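According to mature numbering (1 follows the signal peptide of the UniProt record, and there is no 0), the sequence shown holds residues -20 to -1, 1 to 320 in order. Please read the structure below before turning to the comments.
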Amino acid sequence: MVFKNRVLVALFCVFMQAKSVSLWKRASVYNIPGDPPYTVPEAQLSAAINCTSGNTNPKIALIVPGTAAQAEQAYGLNLGLLLPANGYPVCYLNTPDNSLIDAQITSEYVAYAINSLASSTGNPIRVVTHSQGGLNTQWALTFWPSTRASVFSFFAIAPDYRGSIVLDATRIQLAAGVPQNAAAVQQGYGSNFVTALAAHDGLTAHVPTTDIYTLTDELVQPELLLNATSALSGSNATNVAVQSVCPTVNPDHITIIITGVTEYLLLMAFGAANGRADPSSIPLTDRTQLCLDILPHFNSVAGAVSIGFQTLVAVFTTFTTVTDPQSAVTAEPPLMPYAQ
């Protein structure tokens, strides 16, 4: 009888293990029941995922780029070095048209990549984003509910969940008959896009989320107090202004990526049991070094930066150049049926 009970217990454990793996090991991650159907063919969604060390490591980190940026070009010499050096091999999401097209389309790439990598690894994954990448990821998590079980930790750097008043200038340009990049219009403060996100509980963290932002961001505003466009609500959310950790450190929209506080909290979140950073637990000695912009205990990549030039190009492209017919619009793109 004892032997029989042990066999039953063993079989039960095997069953439960198989069941837990099956949460992410899906035969197909394309058009999962309960999610809105994709408008982009699966082959195109899949081709946008570029993993530097294969797609089966359970500690994979997906890097989702911001506006007018290609993930590997912009983040390869910063996040792309920091994460693998600390045990997190990276996969870049190379979104079409440098994320200048309709953000609803770009978000389909994010949703698919999350579920695809969770399926190939058999585990929920880690996701790090910059700027619009955070907004697109939150859109995916809000409207593709299947993605929520596929994310262990979401770390958003300078996201604009409520849009940015800086990008309200695109509306003035549209009113004057000047075409604008679709994603720039959708990131205006109070746009139909961000309004729809808020209306569907998209300002609540659906997965363990750490949002880090800077009060001195020149592109994403407002970032003050409870009105911070980079902040989410709910028990899954940790919202951190760089200045709340180091009052004298004032990075901009770009240098926040390579600021010691950001790098430290990113690794803290990815290594935490609950998938979120806790700035209150930073030891005093580490905090002192961080406020000198030194990354203690880890391999900082702050000196290996190509992102400055890349992002200057991105900003110039976003605000002054609209040459791609795929991204040029004369009005904000209409909301998809699922978001109306």
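Where is the CB? At the ideal position from N, CA and C, for every residue including glycine. Keep in mind that this is a model prediction, so the values were computed, not measured.
Apply the 10 Å Cβ neighbour rule to residue i and answer buried if 16 or more other Cβ atoms are within range, or exposed otherwise.
i: serine 307; result: buried
i: glutamate 198; result: exposed
i: serine 171; result: buried
i: proline 259; result: buried
i: histidine 233; result: buried
i: isoleucine 152; result: exposed
i: threonine 268; result: exposed
i: leucine 97; result: buried
i: proline 314; result: exposed
i: proline 305; result: exposed
i: asparagine 207; result: exposed
i: alanine 257; result: buried
i: threonine 265; result: exposed
i: threonine 19; result: exposed
i: alanine 91; result: buried
i: glycine 157; result: exposed
i: lysine -17; result: The pLDDT assigned to lysine -17 is 44, lower than 50, so where the model puts this residue is not dependable; a value taken from the coordinates is nonetheless given after this. So lysine -17 ends up on the exposed side.
Please look up how many angstroms separate the CB atoms of residue i and residue j, rounded, as I've assumed it's under 8 Å.
i: isoleucine 29; j: alanine 129; result: The pair is not a contact, with the Cβ atoms about 19 Å apart (cut-off 8 Å).
i: proline 104; j: leucine 73; result: At roughly 17 Å, the Cβ-Cβ gap does not stay under 8 Å, so proline 104 and leucine 73 are not in contact.
i: aspartate 191; j: alanine 217; result: 7 Å
i: aspartate 181; j: threonine 122; result: 7 Å
i: proline 231; j: threonine 194; result: 5 Å
i: phenylalanine 173; j: alanine 311; result: Between alanine 311 and phenylalanine 173 the Cβ distance is about 12 Å, and since that is not below 8 Å, they are no contact.
i: proline 188; j: asparagine 254; result: 6 Å
i: serine 111; j: valine 200; result: 7 Å
i: alanine 48; j: leucine 80; result: 6 Å
i: serine 144; j: tyrosine 169; result: 6 Å
i: asparagine 35; j: serine 100; result: 4 Å
i: leucine 183; j: leucine 212; result: 6 Å
i: asparagine 11; j: glutamine 50; result: The pair is not a contact, with the Cβ atoms about 27 Å apart (cut-off 8 Å).
i: proline 16; j: tryptophan 124; result: 7 Å
i: alanine 252; j: glycine 214; result: Not really, about 17 Å apart at Cβ, beyond 8 Å.
Mind checking whether residue i and residue j have CB atoms under 8 Å apart?
i: tyrosine 89; j: leucine 42; result: no
i: valine 165; j: threonine 150; result: yes
i: aspartate 140; j: serine 224; result: no
i: proline 159; j: valine 309; result: yes
i: alanine 176; j: alanine 319; result: yes
i: aspartate 273; j: threonine 239; result: yes
i: alanine 58; j: phenylalanine 278; result: The sequence shown places asparagine at residue 58, not alanine. It is not a contact, given that the beta carbons lie outside the stated cut-off.
i: proline 64; j: asparagine 37; result: no
i: valine 220; j: leucine 246; result: no
i: isoleucine 137; j: isoleucine 262; result: no
i: phenylalanine 135; j: alanine 249; result: yes
i: glutamine 167; j: leucine 115; result: yes
So residue i is in the beta strand (DSSP E); what residue range does that whole segment cover?
i: alanine 221; result: 217 to 221
i: phenylalanine 278; result: Here phenylalanine 278 belongs to no beta strand (DSSP E), and DSSP marks it neither H nor E.
i: valine 241; result: It is not in any beta strand (DSSP E) - valine 241 instead sits in the alpha helix (DSSP H) that spans 240 to 251.
i: aspartate 191; result: 189 to 193
i: threonine 196; result: Run containing threonine 196: none; DSSP gives neither H nor E here.
i: threonine 109; result: 105 to 110
Considering residue i, what are the terminal residues of the alpha helix (DSSP H) in which it resides?
i: threonine 265; result: 264 to 270
i: alanine 28; result: Run containing alanine 28: none; DSSP gives neither H nor E here.
Item checked: Entirely enclosed beta strand (DSSP E) segments - the region 40 to 103, minimum 3 residues -> For the region 40 to 103, whole beta strand (DSSP E) runs of length 3 or above, ordered along the chain, are 41 to 44, 70 to 73.
Next item on the list: Go through the region 112 to 185 residue by residue and report every complete run of the alpha helix (DSSP H) that reaches 4 residues or more, in order.
Entry: Segments of the alpha helix (DSSP H) lying fully in the region 112 to 185: 112 to 123, 149 to 155, 162 to 166, 172 to 179.
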